[in-house]
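Residue numbers (UniProt numbering): 1 to 281.
Cβ atoms here follow ideal geometry from the backbone N, Cα and C, with glycine treated the same way.
Structure first, commentary second.
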Amino acid sequence: AGFHLPPAKPRMSACTKVDEAKEDVDYFSVPMVALNFHVRRRLALYLNPRSVVATDWTGLAEEMGFEYLEIRSYESQENPTGKLLQDWEVKKPSSVGLLLQLLKRIQREDILEDVSPDIGNARQLRRSLAPQGILWAKRGAMPELFDAFICYCQADIGFVHEMISQLEQSSSHLKLCVFDRDVLPGTCVWTIAGELIEKRCRRMVAVISDDYLVSDECDFQTKFALSLCPGARDKRLIPVKYKPIKKEFPSILRHITLCDYTNPSTKSWFWNRLSRALSLP
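See below:
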C-alpha cells in the first residue's frame with residue numbers, strides 16, 4: 001500500500017492531486033535523493049521563517065531525531081531547511097514517505113498540499129531505480145559484480161583511464177565499473193546507475209573536480225550512495241581529488257577521508273592506498 005497524503009481542505013486535497021493517474025506507490029521506499037531542487041526550495045520557503053503560529057524547521061528537526069545542540073548549529077545557516085534535509089538523508093534513516101509523515105505530524109498540511117503535485121517526480125525516479133537487470137555482453141550470464149563504481153564527469157575521463165591502468169591492469173586486479181565502458185547504450189542512465197551502485201558495486205569512488213561539482217548525474221550518484229548505508233557511508237564512498245579545484249568542496253563529503261592525488265608528499269602512495277581501501281572487506 002502506498003503512502004496517502006491526508007485531505008487538507010474540503011476542496012481538492014493533496015491526496016486527490018497525487019492520486020490522479022497514480023499507481024499504488026510505497027513512498028517509504030523512495031529515497032530522499034529523489035526530491036528535486038524545486039520541492040526542496042518550496043519546503044524551505046515554508047519552513048525557514050520562524051513562526052509562533054505554524055511549526056517551522058526546528059519542529060521538523062526534532063521529529064527527525066536531531067538533538068538540541070545539532071538544531072542550534074543550523075541557526076547560522078542561510079537555508080537551515082535545505083541543510084537539514086541534506087544532513088537527514090545521509091545521517092539518519094530517511095525517505096520521501098517518512099518526510100511526508102513528519103510534515104503531517106507537525107500539522108503542516110499546507111505544505112503537503114503545495115508540494116504534492118511534484119511528488120510524482122519522486123515516484124517516477126523511484127520507478128526508474130527499480131531493479132531491471134544490467135545488459136552485459138554475455139547474454140544469459142549472471143550480472144557482473146564490481147569492487148567499485150566510478151563516479152566521474154566526461155571531462156575527467158583521462159584520469160579514469162589512468163585509474164583503470166593502475167587498479168585493474170596491475171597486481172591489484174580490482175574490477176571497476178566505468179559507465180562508458182561497462183554499460184550498453186540505449187539504457188536509462190538513472191535506472192542503471194541506481195542498480196549498479198546499490199546491487200552490483202561494493203564501493204563507489206567519486207572523482208572530484210570542478211566539473212563533478214556542477215554535474216547533476218554525479219550529485220545524484222553521490223547522494224544515492226550515501227543514502228544506502230548511512231551508518232557505514234565513510235567506508236562505502238571514497239572521494240578522490242586528482243587536480244586542484246576552484247569551487248568549494250562538497251560539505252556532505254568533508255567527513256570522509258580524501259585520497260588526494262594533488263599532494264606531492266603523498267602522491268607516491270596514492271594508488272597503493274586507494275587499492276587497499278577498495279580491497280577491504
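Please list, in chain order, all residues of the same chain as residue i whose beta carbon is under 7 Å from its beta carbon, the five residues on each side excluded.
{"i": "R273", "result": "C259"}
{"i": "G59", "result": "I106"}
{"i": "R139", "result": "Annotation note: pLDDT 45 at R139 (below 50); position unreliable, no value reported."}
Specify, as a first and last residue, the run of the alpha helix (DSSP H) that residue i falls within.
{"i": "A193", "result": "189 to 195"}
{"i": "K223", "result": "216 to 228"}
{"i": "A277", "result": "270 to 279"}
{"i": "I157", "result": "157 to 167"}
Give the C-beta separation of residue i and residue j to the nearest angstrom, bearing in mind that I take them to be a contact with Cβ-Cβ under 8 Å.
{"i": "G82", "j": "R40", "result": "6 Å"}
{"i": "I208", "j": "V90", "result": "17 Å between Cβ atoms; not a contact."}
{"i": "Y46", "j": "F159", "result": "Not really, about 42 Å apart at Cβ, beyond 8 Å."}
{"i": "I238", "j": "V205", "result": "5 Å"}
{"i": "C151", "j": "Q221", "result": "5 Å"}
{"i": "L228", "j": "E198", "result": "6 Å"}
{"i": "F28", "j": "L98", "result": "6 Å"}
{"i": "R203", "j": "L278", "result": "6 Å"}
If you reduce the DSSP assignment to three classes, tell me which class residue i lands in.
{"i": "L145", "result": "coil"}
{"i": "P239", "result": "strand"}
{"i": "L184", "result": "coil"}
{"i": "H173", "result": "coil"}
{"i": "I245", "result": "coil"}
Give me, in chain order, the residues of the same chain whose beta-carbon lies closer than 8 Å to that of residue i; leave out the 5 immediate sequence neighbours on both sides.
{"i": "E70", "result": "A61"}
{"i": "I157", "result": "D180"}
{"i": "Y212", "result": "C151, Y152, C153, D156, A206, C218"}
{"i": "V214", "result": "K247"}
{"i": "D118", "result": "N36, H38, V39, R42"}
Skipping 5 residues on each side, what residues in its chain have a beta carbon closer than 6 Å to that of residue i?
{"i": "W271", "result": "Q166"}
{"i": "K246", "result": "D210"}
{"i": "L196", "result": "F149, C177"}
{"i": "S172", "result": "S275"}
{"i": "K175", "result": "F146, D147"}
{"i": "L103", "result": "I111, L112"}
{"i": "S94", "result": "M32, W88"}
What are the boundary residues of the beta strand (DSSP E) that residue i is part of?
{"i": "L258", "result": "Counting along the chain, L258 falls outside any beta strand (DSSP E), and DSSP gives it neither H nor E."}
{"i": "I208", "result": "201 to 208"}
Quiz prompt | Secondary structure, alpha helix (DSSP H): runs of 4+ residues fully inside the UniProt domain "Death" (42 to 119) | solution = 57 to 64, 68 to 73, 80 to 91, 96 to 105
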